[in-house]
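Using this note's numbering, the first residue of the sequence shown is number 482, and each one after it goes up by one.
Structure, as structure tokens:
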Amino acid sequence: MSVRELDFDSCYRAVAARDARFDGRFYTAVTSTRIYCRPICPARTPASRNVRFYRHAASAEAAGFRPCRRCRPELSPGDPGWDHRGDLIGRALRLIDEGVADDAGVAGLAGRLHVTERHLRRLFTAELGTGPLAVARTKRLLLAKQLLTETGLPITDVAFASGFGSVRQFNATMKETYGFTPGDLRAAAGRAGRPAGTGVPVGGGGTGAAGGGSRAAAPVGGSGDALTLRLHVREPYDAGALMRFLAGRAIPGLERVAGPGGAHGPGASVAFGREGDAGPGGAGGWSYTRAVPGGVITLTPLPGHVRLDARLGDTRHLARVVARCRRLLDLDADPGAIASALGETALGPLVEARPGLRVPGAWDGFEVAVRAVVGQQISVAGARTILGRIAARAGRPAVPGMEGGPPGADAPEVHHLFPTAGELLEADLDGLGLTGRRIATLRALAERVAGGEIDLDGAQEPGEAVSELLRVPGIGPWTAGYVALRALRDPDAWPEGDLGLRRAMACLGIPDDHVERWRPWRAYAALHLWSSE
């Protein structure tokens, strides 16, 4: 089945078989009930004459269908076709996930993409059958539905956490679109400490009131409680390998990774793709903690999903946090398509051994670019030490007063944010272990990012962003390729000249010209080779 076209017979067979490979790729709308479902919905398969298929939840809702309460479309993993597309629609959907449309409207979204509003609407209508505002509204509604069902967050805060400007707007939109109010949905979920069918403990807090409310949202976990959500993943998923990658590169004060043997972060030596998990795809008790604006988040891989525990001072950051977590952990990849393409090449034995291997993404594109520049020609451990010094000097505390870590917190060493491009430009980088040439490269990079010439967070076409990176003095093909692999989400990125890749290919007897055979999944080929060392 094509990414761009939905073949009715193929879709219907997938629905009849409840084929999990297609979860998130399309939605099944039933004309007799006016409900749309995931392909894996356990309900009886509807008659083909009563079925319509849509590529996006927003398309189904624009046609007058409401989400199924049984299979819960809000829990569906993202469509890998959109996640890996670098065209304008794919980039626009990424920015919508980031909340750009909520914050700046369609005009702001179009501005980030350097197109007119009219052109953007025309493309969305042609591809999805609805406009960008409708897509943004559906994103808000589905996140709100998950928060109402899985958490004890007050309804007022659910409205703001999901991106609505007021509780009145939230109530009216949910009633108009779904036919029930937020309070009705929460009551129907039958919350009694554990929502029916979710398997996730409910976070603290009461049900709150559904009327009134202002834009100022209450803090989450002010007394140490965390808001807990499930982030579903398309399996197989090799969480252990990804966590080890992050562990070996964890920046002191910013990140902390804990695994089967305890904490693995600053100062730890963790082999990538080898020890400490329960076989291929095993999470092995790993967790990743990170300071984010206004608080701290922890990601814990579990069977079938990743648990997100978020302690945030302002719930309005939640939608952006969820989107960035999904990209960081590459939850929306298509392991079946990747294995099918790479399994027929010399990488076949590696793919068979780790079919769920993912590409570690980025929380922030500029951060990954700085990591790549600092890591040129030095060890991973050495780069981590210098990056920790940069974060301590140029970054700001995640929450005011957290410089020494929050009192009584589980991970007080995670408290600083990584500096923005503007903050890095103003910082004194002398005495941190950087050469003068590296400092000049970092300043040139920060100047171009701060000035909008380079956009590493989704708005710029990946090829164009790489070209602009290569214009920065001190950035070559390896650095640009690494940034494309992790920050730009280019599945075909290849860190040219990487010594680890060369060594792995030599050990496996793979000629250099085989790299071209791994298109369009060379980023995943790189991860398989790195994991084989």
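Here a beta-carbon is modelled for each residue, glycine too, at the ideal position from N, C-alpha and C.
(request) With DSSP as the reference, label Pro548 as helix, strand or coil. (result) Strand.
(request) Decide if Gly863 is buried, meaning its Cβ has at least 16 other Cβ atoms within 10 Å, or exposed. (result) Counting every other CB atom within 10 Å of its CB across the protein chains shown gives Gly863 a total below 16, marking it as exposed.
(request) Answer yes if the region 962-975 comes into contact with the region 788-800, meaning at least three C-beta pairs across the two stretches below 8 Å, and no otherwise. (result) Taking 8 Å as the limit for Cβ pairs, the verdict is that the region 962-975 does not touch the region 788-800.
(message) Please report the straight-line C-alpha distance between Leu629 and Asp993, rounded to a whole angstrom.
(response) Taking the straight line joining both Cα atoms gives about 52 Å.
(message) In the DSSP assignment, the alpha helix (DSSP H) including Ala786 goes from what residue to what residue?
(response) In the sequence on display, residue 786 carries His and not Ala. Here His786 belongs to no alpha helix (DSSP H); instead the beta strand (DSSP E) covers His786 to Leu793.
(request) Name the residue from Glu977, His1009, Asp911 and Asp936 whose alpha carbon lies nearest to the alpha carbon of Leu989. (result) Closest by alpha carbon: His1009.
(message) To the nearest angstrom, how far is the alpha carbon of Tyr1005 from that of Asp665?
(response) If you take the alpha carbons of Tyr1005 and Asp665, they lie about 44 Å apart.
(request) Please classify Ala1007: is it buried, with 16 or more other beta-carbons within 10 angstroms of its beta-carbon, or exposed? (result) In this structure Ala1007 is buried. Its beta-carbon is surrounded by 16 or more other beta-carbon atoms within 10 angstroms.
(request) Scan the region 804-833 and note each continuous alpha helix (DSSP H) run of 4 residues or more that stays entirely inside, going in chain order. (result) Segments of the alpha helix (DSSP H) lying fully in the region 804-833: 816-823.
(message) If you reduce the DSSP assignment to three classes, tell me which class Ser768 lands in.
(response) Three-state DSSP puts Ser768 in a strand.
(message) Please report the distance separating the alpha-carbon of Val587 from that of Leu913.
(response) Going by the C-alpha atoms only, they are around 42 Å apart.
(request) Please go through the same chain and pick out, in chain order, the residues whose beta-carbon is closer than 7 Å to the beta-carbon of Arg1000, but skip the five residues on each side of it. (result) Cβ neighbours of Arg1000 beyond the five flanking positions: Asp973.
(request) Would you grab the beta carbon distance between Val532 and Thr514 for me? Rounded to a whole angstrom, and I think it's under 8 Å. (result) With 8 Å as the limit, Val532 and Thr514 do not qualify as a contact, their Cβ atoms being about 11 Å apart.
(request) Give a yes or no on contact between the region 821-835 and the region 803-810, applying the rule of three or more CB pairs nearer than 8 Å. (result) The region 821-835 is not in contact with the region 803-810.
(request) Would you check if there are 3 or more beta carbon pairs closer than 8 Å linking the region 565-582 to the region 628-643? (result) Here the region 565-582 does not lie against the region 628-643, with fewer than 3 beta-carbon pairs under 8 Å apart.
(request) With distances taken Cα to Cα, identify the nearest neighbour of His537 among Arg553, Arg506, Ser529 and Leu556. (result) Out of Arg553, Arg506, Ser529 and Leu556, Arg506 has the C-alpha closest to the C-alpha of His537.
(request) State the Cα-Cα distance for the pair Ala739 and Pro774, rounded to the nearest angstrom. (result) Each residue's alpha carbon lies about 21 Å from the other.
(message) Spatial neighbours of Ala902 within its chain, please: C-beta separation below 7 Å, excluding the five flanking residues on both sides.
(response) Closer than 7 Å at the Cβ level, and outside the excluded window around Ala902, lie Phe847, Ala927, Val930 and Ala931.
(request) Please state if the CB of Arg621 and the CB of Ser643 are separated by a distance shorter than 8 Å. (result) Pairing Ser643 with Arg621 gives a Cβ-Cβ distance under 8 Å.
(request) Name, in chain order, the residues that DSSP records as bridge partners for Pro782. (result) Val787.
(message) Quick check on Tyr659: does DSSP put it in helix, strand or coil?
(response) Here Tyr659 sits in helix by DSSP.
(request) State the DSSP-derived secondary structure class of Gly939, mapped to helix, strand or coil. (result) In the three-state scheme derived from DSSP, where H, G and I count as helix and E and B as strand, Gly939 is classed as coil.
(message) For Pro878, list the residues DSSP reports as bridge partners.
(response) Answer is His897.
(request) From the DSSP output, read off the bridge partner residues of Cys518. (result) Answer by DSSP bridge pairing, in chain order: Thr509.
(message) Rounded to the nearest angstrom, what separates Asp490 and Asn652 at their Cα positions?
(response) Straight-line Cα distance between these residues: approximately 38 Å.
(request) Examine the Cβ distances between the region 513-529 and the region 574-581 and report whether three or more of them are shorter than 8 Å. (result) Cβ pair count under 8 Å is below three, so no.
(request) Using 10 angstroms around the beta-carbon of Gln627, count the other beta-carbons present and answer buried if the total reaches 16, otherwise exposed. (result) It is buried - the Cβ of Gln627 has at least 16 other Cβ atoms within 10 Å.
(request) Work out the CA separation of Arg870 and Ala668 for me, nearest whole Å. (result) Computed Cα separation, rounded: 49 Å.
(message) Taking 8 Å as the threshold (beta carbon to beta carbon), is Val777 in contact with chain D?
(response) Looking for chain D here will not work: only one protein chain is present.
(request) Within 10 angstroms of the Cβ of Val683, are there 16 or more other Cβ atoms? Answer buried if so, exposed if not. (result) Any reading at Val683 needs caution, since the residue's pLDDT is 34, under 50, leaving its predicted position unreliable; the model's value is listed next. Residue environment analysis places Val683 among the buried positions, since at least 16 neighbouring C-beta atoms fall within 10 angstroms of its C-beta.
(request) Using three-state DSSP, classify His595 as helix, strand or coil. (result) The answer is coil: DSSP assigns His595 none of H, G, I, E or B.
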